[in-house]
Amino acid sequence: MLIDAPSPLLDANDIRALFDLALLAARDWHATCPVQQGFAPWPEDLVYVSREAVQIPGLAHMVHDPGAASEASRALRDAILAVAPFAEWRLTYTEDEVGADFLQRFGWFELAGPEGHFLTDHARITVGFWGANLYYPRHQHEPEELYTIVSGKALFHADGEEDQALGAGATRIHAANQPHAMTTSDSPILTLVYWRGAGLADPPRLTAA
Ligand code: ZN
């Protein structure tokens, strides 16, 4: 699964600077969006920790095509792309759960949170990427969730709601333990996602059939 880092010449300070820039871009994104501000205040207790990069197959897909940004989201998209080779990417699901193709073209990392590149106990802020033509099966988690679309687009599904097609700049909330799913078609999607409430460090789990 692991591939060589594309920029071996960067030292720890350079990498730290890339994470700082990504965090600043995310804070700016939050500061200009009333929905994000209403969902949760920006955490003020953030402490950077050095984490070993974990690279995944989906990283190459993201760098090749992260999806279309809006004027407002371009800075965050590009800051995420710059730091992506150094992030501790996670896949969470098994091939039995989501299939081999999904695991080749999906991934997420925790920018800030209980196990993030920046530690905080007050929020979990993650970056998620899905390639084109993927179905993210119904899943759920205890924390409430706010998706923000940084680039690309997808069709969002949730129990009890109409499907919603969302692109760069759009937001969407999922309630605590509300099963939800997502379908990409001709575009990938890159998201910045907030969790709030109990269970911030828990992984999402697929909803039982
Ligand atoms: Zn979710």
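Here the sequence shown is numbered in numbering that gives the first Met the number 0, starting from 0 and rising by one per residue. All C-beta atoms in this analysis are idealised placements derived from N, C-alpha and C, irrespective of residue type, glycine included.
DSSP three-state call for W129: helix, strand or coil? When DSSP states are grouped into helix, strand and coil, W129 belongs to the strand group.
To the nearest angstrom, how far is it from the Cα of F108 to the Cα of A86? Cα to Cα, the separation comes out at about 7 Å.
By Cβ distance, which residues of its chain are closer than 6 Å to Q163, with the 5 residues on each side in sequence left out? Residues of the same chain with a CB within less than 6 Å of the CB of Q163, apart from the 5 flanking positions on each side, are F155 in chain order.
Could you name the residues that DSSP lists as bridge partners for Q139? The partner list for Q139 (beta bridge, DSSP) reads R204.
Is the beta carbon of P136 within less than 7 Å of some heavy atom of the ligand ZN? The ligand ZN has no heavy atom closer than 7 Å to the beta-carbon of P136.
Just the C-alpha distance for R204 and I14, rounded to the nearest angstrom, thanks. Going from the Cα of R204 to the Cα of I14 covers about 31 Å.
Rounded C-beta distance between G106 and I55? I'm assuming under 8 Å. Taking the Cβ atoms as the reference, G106 lies roughly 4 Å from I55, within the contact range of under 8 Å.
With a CB to CB cut of under 8 Å and the five nearest residues on each side skipped, what residues in its chain are close to A207? If we look at A207 and ignore the five residues flanking it on each side, it has no Cβ neighbours.
Any heavy atom of the ligand ZN within a distance shorter than 7 Å of the CB on P202? Annotation for P202 indicates a beta carbon at 7 Å or more from all heavy atoms of the ligand ZN.
Less than 6 Å between C-beta atoms, sequence neighbours within five positions excluded: which residues of the same chain meet that for G115? So the list reads E109, once near-sequence residues are dropped.
Residue interval of the alpha helix (DSSP H) (run including R50): Looking at the DSSP string, R50 is not in any alpha helix (DSSP H), and its letter there is neither H nor E.
Residue burial classification, A157 (beta-carbon count within 10 angstroms, cutoff 16): So A157 ends up on the buried side.
Considering L80, what are the terminal residues of the alpha helix (DSSP H) in which it resides? Counted as a single uninterrupted DSSP element, the alpha helix (DSSP H) harbouring L80 occupies residues 73-82.
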